[in-house]
Amino acid sequence: MKRKFQRLFFHFFKYLIGLLAYIDSRLFMQLYNKFLKAAGIKLNGVPRFVAKSVKFDDFNMITLGDRLVVSSNVIFLTHDYSYTTGLISIGEKPKTDIGVLGPISIGNNVFIGMNSILLPGTSIGNNVIVGAGSVVRGKIPDNVIISGNPAVVVNDIQSHIVKIKEKNYTRRVDQK
């Protein structure tokens, strides 16, 4: 019952704080970061942006790094009960659901693209870009770009940035 009350409290205040995003995005992030910390998420620094549509599983099993950007509809999943389904498929009948729990840790200066899913036990290093729609599991090293289902390293971040600069893809955000 306590967990359900915490969840209800979390979503109610998340909604209220989320209304600020339309008025003052900086104030929204300041309050939202404090709110995430109060909910049990460990903050190692100050996330730059965490979309209000992000779904967090067990707050106490999640650590977020400094200068982190988490785009819309990202899911932080700290549990997996699919093992029960697998056991039943081979004729075993467990007395209770069998699950795996695992923490999720995100390093500093990380960008996580829209609709990505982070599975239990995921640890993402520093200076990492996660492509949109990626399904991430395991230990991701520093300074890489990952993408796909399952997410794999597709480039190192320094090479990628050099290519972008050579092609003059950079532009200011306020330019049309």
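Numbering follows this note's numbering, in which position 173 of the sequence shown is assigned residue number 180; successive positions increment by one, without gaps.
Ideal Cβ placement from N, Cα and C applies to all residues, glycine included.
Taking one beta carbon from each stretch, the segment 60-78 and the segment 116-136 have 3 or more pairs nearer than 8 Å; the two touch.
Annotation note: the segment 81-107 contains the following uninterrupted alpha helix (DSSP H) runs of length 4 or greater, listed N- to C-terminal: 89-96. Cβ contact annotation for Arg14 (same chain, cutoff 7 Å, sequence separation greater than five): none. Our two residues, Asn162 and Phe12, have alpha carbons roughly 43 Å apart in a direct line. Listed in chain order, the non-local C-beta contacts of Ile164 below 8 Å within the same chain comprise Asn134, Val135, Ile136, Asn150, Val151 and Ile152, local neighbours out to five positions each way being set aside. When only Cα atoms are considered, Asn40 and Pro54 end up about 7 Å apart.
Val159: member of the beta strand (DSSP E) spanning Val159 to Asp163, first to last residue.
Annotation for Leu34: no beta strand (DSSP E) segment contains it, though the alpha helix (DSSP H) segment containing it runs Ser32 to Ala46.
Looking at Thr129, Asp31 and Val160, the one whose alpha-carbon comes closest to that of Thr85 is Thr129.
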